[in-house]
Structures are given as C-alpha cells and as structure tokens.
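Asks: The listed protein sequences correspond, in order, to chains A and B.
Residue 126 is where the first sequence ends in the numbering used here, and the numbering goes up by one at each step.
Residue 1188 is where the second sequence ends in the numbering used here, and the numbering goes up by one at each step.
We treat Cβ as the ideally placed atom computed from N, Cα and C, and that holds for glycine.
Please read all numbers here as calculations on a predicted model, not as lab measurements.
Below is a structure I'd like to ask you about.
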Amino acid sequence: NAGVTQTPKFRILKIGQSMTLQCTQDMNHNYMYWYRQDPGMGLKLIYYSVGAGITDKGEVPNGYNVSRSTTEDFPLRLELAAPSQTSVYFCASSYSMRDEQYFGPGTRLTVT
Amino acid sequence: AQKITQTQPGMFVQEKEAVTLDCTYDTSDQSYGLFWYKQPSSGEMIFLIYQGSYDEQNATEGRYSLNFQKARKSANLVISASQLGDSAMYFCAMSPSGSARQLTFGSGTQLTVLP
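Here it is as structure tokens:
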C-alpha cells in the first residue's frame, strides 16, 4: 500500500493563479481531510469528507474548494491564489471514528 | 468549539531520560478523542498515541504513554528513555464526537534530545 499520496510536493504560484492539489489514498478509507500548516503553527482543517459525494467545511475553508467523486481521491482546488495561502498542505485519511488519521507527505505552496 | 493548548514552545531533555509534554483541552463534548502526533524536521506527520474520553486506562504505545486526567482536561504525553531520534515537533490534537472526527491541533512543542 502506498498510503496517502500527494502531488505536487512543491509549487510556486503567482497571485491570482489557480491550481489543484491532488490527494489519493489506497486504504479504502471513508474519511478524508485537508489541513494547512503555517510556519511554527499547528494544522488547521480546511475541508473534510465522510465519503464519496459528501464534503463539508472545516475551520478555514475560504479560498478553497473540494470534491470527492471517488473513495480514493480528494482534490483541493485553490482559486485566485493569494499570499495568505502560502503554507504546507496536508491530506489525511482515516477508516472509522476511532482510527488515527494517516497523513500524506505534504505539499509546500508559495504564492508570490 | 474545541481548543487545544500546548504551553511549552520548546523543551530539552537529556538522552535516556523521560520527558513530559503538556496538553490541555477545552470542549463541551462528552465523547471525544485525544491524539499525539510527531513531526520530524522532514515534515511528515506520524501518529503516536490515542486516548478516548471514555477509556478508563491511560493509553500506552511502547515508550509513549498518555497521562489522561479528564477532570483537569489534560492529556500529557510522556516519552520514556528519550532517544536522539525523538527530537521533533510534537502536536496534541482532539476530535469531537460525531461522524467525521476532524482534528483540532495545538500549536506544538519542539522537543530537542541532548546527547
């Protein structure tokens, strides 16, 4: 099992550009999450999904969109990138309510 | 709303000694989960230990144990016999009751193990 994979690993965007961060898990997990981690801080939840076709906002959803068309994939879309979105983005998944979340390696995004 | 507080931005411990990393939380939920994650300098998030709010015994995983004091709303991580590889950022997190179990993280504690 590859676990949770994220692409790309690094990306530099210009202000106003858009991009999609990809996240795929091969563990057949129902729950998937997107977090962002700003320098020196803990992670903050952007969006989450409890299954294919079901998504909901987390703590910091503004400027982002998600979709969950399959169990495996949970892409995060940034529209009109802003410098405030410079961060490291982590995707995670879990099987059930009691299980720990498995994290991908992260995507380091810089918006200039 | 939930909140996690980690009051120790940085901690130092001598190799082979034990260290306690503090975590307090605030929630109005009766059912919740508490987690500790390790983030080495390479950046990945590594799950260490889980404690459910209704678990009567403190969780243990190898050299990691969670000192859970429900009345005080604290969930401190104890690392026994510290190793140089334990140097990392440590995050306390909690998840609410309900179906999604999304995590709320503290700001982290940077642990440095000294030889």
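Per DSSP, which one or two residues make a beta bridge with A:F88?
Replies: The partner list for A:F88 (beta bridge, DSSP) is empty, contrary to what the question assumes.
Asks: Can a CB atom of chain B be found closer than 8 Å to the CB of A:N67?
Replies: The residue you asked about is not Asn; residue 67 of chain A is Gly in the sequence shown. By this cut-off, A:G67 is not an interface position.
Asks: Would you list, in chain order, the members of the stretch 54-78 of chain A that have their beta-carbon closer than 9 Å to a beta-carbon of chain B?
Replies: Residues G54, M55, G56, L57, K58, L59, Y62, S63, V64, D70, G72 and E73.
Asks: Nearest chain A C-beta to B:M1118 closer than 8 Å, yes or no?
Replies: Yes, contact with chain A.
Asks: How would you write the range of the beta strand (DSSP E) that A:D70 sits in, first residue to last?
Replies: Where A:D70 is concerned, the enclosing beta strand (DSSP E) stretches over I68 to K71.
Asks: Is it the case that the stretch 1121-1139 of chain B contacts the stretch 87-98 of chain A, given that we only count it when at least three CB pairs across the two stretches are under 8 Å?
Replies: Contact between the stretch 87-98 of chain A and the stretch 1121-1139 of chain B is absent, because fewer than three Cβ pairs lie under 8 Å.
Asks: Please state the DSSP three-state secondary structure of B:S1126.
Replies: In the structure shown, B:S1126 sits in coil (DSSP, three-state: anything other than H, G, I, E or B).
Asks: What does B:Q1175 reach in chain A if we use C-beta pairs closer than 8 Å?
Replies: Residues of chain A passing the Cβ test: Y47, L59, Y62 and G72.
Asks: Taking the CB atoms as reference points, tell me whether A:T85 and A:A106 lie closer together than 8 Å.
Replies: Contact: no.
Asks: Using three-state DSSP, classify B:L1176 as helix, strand or coil.
Replies: Here B:L1176 sits in coil by DSSP.
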